[in-house]
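Visitor: This is the structure, below, for whatever I ask next.
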Amino acid sequence: MKGALTPYIQQKWLRIILIIWLYVSCTPLSYGQFTETLKDRLTVHFESDSYKISDEFKEEIKDFFEELNVVTPYVFRIQAHTDSIGSNQYNQKLSERRSAAIKAYLLEIGVPEILISTKGIGEIKPVLSNIDEDGRAFNRRANIFVFEIQKYRLFKSKVVLKGSKNSKATIFIQANGLLDSTTTDDKGNFAFIVPEKKDVTFGVFAPGYMFSTRTINTSKDLPVGDIIINKIKVGEKVALKNLYFVGDKAILLPESKPELINLLRFVRSNPNLSLEIGGHVNGPKSYFGDPNWYFNLALDRTHAIRDYLNQANVDTKKYICKSYSNSQMVFPEPKNEEEAKMNRRVEIKVIE
């Protein structure tokens with residue numbers, strides 16, 4: 034077929050149809066829902082009173098679709114417009130013909146019909162004024178919107194407050210830059226709808242209790258088991274598992290922000306606590322370097338945490354920073370990066 038997408042690309046479009054069909058037909062409604070996220074768009078312009086696509090724009094459309102990452106499940110929404118010359122009724126029909134022409138060309142180059150929808154807008158949504166020809170020419174257009182289908186999943190778990198019959202807690206969750214919160218029921222149960230294949234950070238808080246934070250991948254780490262939280266008491270500690278530093282430095286990376294926000298929630302809710310900020314490094318004996326360097330790195334990272342709290346107007350006079358270097362490694366000889374990461378940590382401990 035002249036001008037068609039390559040057979041390899043066409044095979045990938047067929048994979049998209051299969052993916053969408055599996056999403057819709059094989060996912061129980063109680064466990065998933067879907068949204069469309071705008072990822073890209075292409076604007077095609079037309080001559081006055083015409084719905085014919087020029088050769089120049091045909092080539093542009095073909096190139097645009099060749100470059101799409103068609104492993105991703107996409108759908109395409111075509112919306113066509115006109116200038117203000119002619120009656121509203123005529124322009125509505127003309128815009129529908131323009132969107133149909135775009136669809137016909139997409140079918141011609143091999144885009145499956147099931148992925149395409151069309152709409153004629155008429156003259157009611159001009160981008161520029163129709164007073165002059167330049168404005169009218171710009172308004173004679175069709176937009177091809179590219180939407181990624183995003184699947185959502187149900188994230189549910191249970192909070193257990195040790196030593197209490199009441200399991201009321203508040204959960205804060207951060208995903209895709211958005212914040213949300215909820216409270217547990219009387220039995221400690223809670224649930225969120227979360228995007229699939231994304232990292233989600235959540236923190237669990239209850240008055241008189243320590244806190245718990247965790248980052249999970251919503252495709253790999255669900256379901257999540259019970260979240261057990263201990264009462265606040267001297268000696269009780271929490272590891273901040275999701276702090277990230279520049280390699281071999283005490284500079285916090287932006288990915289640490291969700292964890293820092295959770296720490297901030299805890300200290301603001303418990304302003305009278307005396308806390309130790311303890312720094313730990315990954316330093317197995319098999320390749321341990323200069324002890325002073327490791328000691329100072331761990332200490333400097335605790336200072337970075339305290340500095341963050343100071344900048345957030347937290348009174349840190351009752352906080353102390355302490356370096357444990359490699360003296361309390363969870364895994365003395367880590368076998369993989371996950372175990373090494375457990376050794377590289379900052380812990381918050383109640384000292385008074």
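Using this note's numbering, the first residue of the sequence shown is number 34, and each one after it goes up by one. Glycine is no exception: its CB is placed at the ideal position from the N, C-alpha and C atoms.
Assuming Gly155 is part of the beta strand (DSSP E), what are its boundary residues?
Guide: Per DSSP, Gly155 belongs to the beta strand (DSSP E) from 149-155.
Visitor: So is Val379 buried or exposed if we call it buried at 16+ other beta carbons inside 10 Å?
Guide: By the 10 Å Cβ count, Val379 comes out buried.
Visitor: Can you find at least 3 beta carbon pairs, one from the stretch 111-128 and one from the stretch 182-192, that sit closer than 8 Å?
Guide: No: the two stretches stay apart, fewer than three of their Cβ pairs being nearer than 8 Å.
Visitor: Go ahead and pull the three-state DSSP assignment for Pro61.
Guide: Interpretation of Pro61 is limited by its pLDDT of 37, a score under 50 that renders its predicted location unreliable; the figure taken from the coordinates is listed afterwards. Residue state, collapsed to three classes: coil.
Visitor: When you compare the stretch 89-99 with the stretch 136-153, are there three or more beta-carbon pairs, one atom per stretch, that lie closer than 8 Å?
Guide: With a cut-off of 8 Å, the stretch 136-153 and the stretch 89-99 count as touching, because enough Cβ pairs lie within range.
Visitor: Provide the residue(s) that pair with Ala224 in DSSP beta bridges, ordered along the chain.
Guide: Paired residue(s): Lys189.
Visitor: Just to confirm my understanding: we take Val108, look at its own chain, exclude 5 residues before and 5 after, and list those with CB closer than 6 Å. What are they?
Guide: Excluding positions up to five away in sequence, the list reads Leu148, Phe180.
Visitor: Could you pull the DSSP bridge partners for Tyr352 from this structure?
Guide: Answer is Leu308, bridged to Tyr352.
Visitor: From Thr234 to Val160, what does the alpha carbon distance come to, in whole angstroms?
Guide: Whole-angstrom Cα-Cα distance: 40 Å.
Visitor: Taking contact to mean 3 or more Cβ pairs, one atom from each stretch, closer than 8 Å, check whether the stretch 298-310 and the stretch 337-353 are in contact.
Guide: The answer is yes - the stretch 337-353 touches the stretch 298-310, with three or more Cβ pairs under 8 Å.
Visitor: In three-state DSSP terms, what is Leu273?
Guide: Residue state, collapsed to three classes: strand.
Visitor: Could you give the C-beta distance for Phe205 and Leu255, rounded to a whole number, given that I count them as a contact under 8 Å?
Guide: Wrong, their Cβ atoms sit about 18 Å apart, outside the cutoff.
Visitor: Does the distance from the CB of Asn163 to the CB of Asp116 come in under 8 Å?
Guide: Contact flag set, yes.
Visitor: Cβ of Leu286 less than 8 Å from any chain B Cβ?
Guide: The structure shown contains no chain B; it is built from a single protein chain.
Visitor: Select from Asn222, Gln183, Phe178 the residue whose C-alpha is nearest the C-alpha of Asn199.
Guide: Looking at the Cα atoms, Asn222 is the closest of the given residues.
Visitor: Roughly how many angstroms separate the alpha carbons of Asn376 and Phe178, rounded to a whole number?
Guide: Spanning the two alpha carbons is a distance of roughly 47 Å.
Visitor: Just to confirm before moving on: does the CB-CB distance between Gly236 and Thr246 stay below 8 Å?
Guide: The answer is yes: Cβ separation under 8 Å.
Visitor: Hey, quick one: how far does the alpha helix (DSSP H) through Phe235 stretch, first residue to last?
Guide: No alpha helix (DSSP H) contains Phe235, which is instead part of the beta strand (DSSP E) from 232-238.
Visitor: With Asp96 as the anchor, note down where its alpha helix (DSSP H) starts and where it stops.
Guide: Start and end: 88-100.
Visitor: Looking at the unbroken alpha helix (DSSP H) that takes in Gln344, where does it start and where does it end?
Guide: First-last of the alpha helix (DSSP H) with Gln344: 324-344.
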